[in-house]
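In the working numbering, the protein residues as written are 3 to 280.
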Ligand code: C2E
Ligand code: CA
Ligand code: CA
Ligand code: CA
């Protein structure tokens, strides 16, 4: 087929109009998602490479809409962020995840932490620490079981404030993981000012780790740097035994990925990790 300039143009504007329309529809729908019980949290296991046991899990948000079906986080999280809805949704995720871990602790799941993702918008919200303290208090969950995942870009959006907040959260006993580590820029000079706890090696470096010498070099550099700064490391997106073996041999502390498990709904998680407990 031959396209002339005009047809191309109208094709693009049509595409854009459809996209804009979908965004508007999704934004409206997202307003009611909590009230309509369309949101739920799945939990992806994090495994220690020393003990090969479950040591943590990441809470990941899911949205199932009656008309739009399952909308991926890569599509609705940006909408939640730009509309400000991420504040109420983020609070809901944090509350759900903290209460879920507390519930599993009473069912015999010990020494396992919960990681929750925080957007830049949430991170810069004035009453963040207050809300978190109150939630932990109400849920009777000790602060050291909570990890907060922040991306480098969220931190770099406002580095001075970030240093303050991170250090305050740290003094409460909450742990900070730097998510997607290696994909941002100026993080290195800031690392010594943060009381970060863990670096989360981005899955883009893990994917070809067994064959790509540059990815090997980057991952080894991150692990070595983390070791000398006293930080933990976790690799995300680990899908194969070969990747696992490489990370294990090169001193990575923990892994998360489809090799061990996809993110699990509550029932699946209980079936896999709580059977025979208590
Ligand atoms: P992320 O925080 O980097 O989360 C890791 C993503 O990798 C998740 O995608 C997870 O399902 C996926 N994943 C896990 N293991 C593997 C694997 O072995 N291979 C591959 N290819 N992928 C794997 P998901 O759940 O679709 O979430 C996408 C992003 O959406 C997250 O990236 C995070 O940035 C955001 N997100 C999800 N839940 C929340 C939330 O509650 N709050 C905020 N602020 N962001 C969230
Ligand atoms: Ca994350
Ligand atoms: Ca990540
Ligand atoms: Ca990511």
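Note that beta-carbon positions come from the ideal geometry of N, C-alpha and C, so glycine has one too.
Selection 108, 60, 80, 81 evaluated against residue 99 yields 60 as nearest (Cα-Cα). Residues close to ligand 2 by the beta carbon criterion (under 5 Å to any non-hydrogen atom) are, from first to last along the chain, 119, 151, 181.
Ligand 1 has a heavy atom closer than 7 Å to the beta-carbon of residue 259. For residue 255, the Cβ stays outside the 7 Å cut-off from all heavy atoms of ligand 3. Taking the Cβ of residue 104 as the reference point, every heavy atom of ligand 3 lies at 7 Å or farther away. In the DSSP assignment, residue 181 falls within the beta strand (DSSP E) that extends over 177-183. At a Cβ-Cβ threshold of 8 Å, residue 242 and residue 203 do not count as neighbours.
With at least 16 other beta carbons inside 10 angstroms of its own, residue 119 counts as buried. Around residue 184, the same chain offers 203, 204, 207, 220, 224 as residues with beta carbons nearer than 7 Å, after the five sequence neighbours per side are excluded.
Excluding the 5 residues flanking it on each side, residue 67 has same chain C-beta neighbours closer than 7 Å at 31, 40, 73, in chain order. Residue side-chain check: residue 238 places its Cβ nearer than 7 Å to a non-hydrogen atom of ligand 3. In terms of Cα proximity to residue 92, the closest of 63, 279, 249 is 63. CA-to-CA, the gap between residue 240 and residue 260 works out to about 6 Å. Residue side-chain check: residue 264 keeps its Cβ at 7 Å or more from all non-hydrogen atoms of ligand 3. A check of alpha carbon separations from residue 70 across 25, 108, 88 identifies 25 as the nearest.
As computed with DSSP, residue 71 is found in a beta bridge with 67.
Contact fails between the region 77-88 and the region 129-141, because fewer than three Cβ pairs, one in each stretch, are under 8 Å apart.
Residue 124 places its beta carbon less than 8 Å from that of residue 89.
Boundaries of the beta strand (DSSP E) around residue 200: 200-203. Under the DSSP definition of a beta bridge, residue 42 partners with 64. In the structure shown, the three-state DSSP call for residue 121 is coil. Residue 250 has its alpha-carbon roughly 12 Å from the corresponding atom of residue 212. DSSP places residue 237 within a strand segment (E or B) once states are collapsed to three.
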